[in-house]
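**Q** The sequence shown begins at 32 in the numbering used here and counts up one residue at a time.
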Amino acid sequence: MSRCLHHNPLGGIAQCPGGCCLHLYFGNVGLRLLPHELRQWCGIVAELCTYNAPHIVDAEERCLSIPGPTSDVVFLFSLEELHWLHDLLLSASLLLEADALLAPKAGF
């Protein structure tokens, strides 16, 4: 059974039972992410939020995009949705880091 790392009003993120990947559900999108991809997505979303926040008039207008898995696909977000997505990604990242720090070390 997957372990839910974090959820908010727009989605959730869970770790698969084997710990090899993460499942991100956000609105109508579901993605499987590897741990290094979580950090990449977190950085991309944080940068989009920071860069675009001062220029967005309507925080609910879907005017921001993130590239999809192919060149023909993009994911559209409002600034508000991007903030919720960043919340999921950052919270999951922090929880995984805390788990790694608290995990018993081999040989002790």
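Note that the Cβ used here is the ideal one computed from N, Cα and C, for glycine as well. These numbers come from a predicted model, not from an experiment.
1) Between which two residues does the alpha helix (DSSP H) carrying A131 extend?
2) Which of the three DSSP states, helix, strand or coil, is assigned to R70?
3) Grab me the residues of L64's own chain with a C-beta within less than 7 Å of its C-beta, minus the 5 sequence neighbours each way, in chain order.
4) Roughly how many whole angstroms lie between the Cα atoms of L126 and W115?
5) In whole angstroms, what separates the C-alpha of E78 from that of L107?
**A** Concretely, from the data shown:
1) L110 to L133 is the span of the alpha helix (DSSP H), which, as asked, contains A131.
2) It is helical.
3) Counting only residues of its own chain and dropping the five nearest sequence neighbours on each side, L64 has a CB closer than 7 Å to the CB of C52, L53, L55 and W72.
4) Between L126 and W115, the alpha-carbon positions lie close to 17 Å from each other.
5) Distance between the alpha carbons of E78 and L107: 15 Å.
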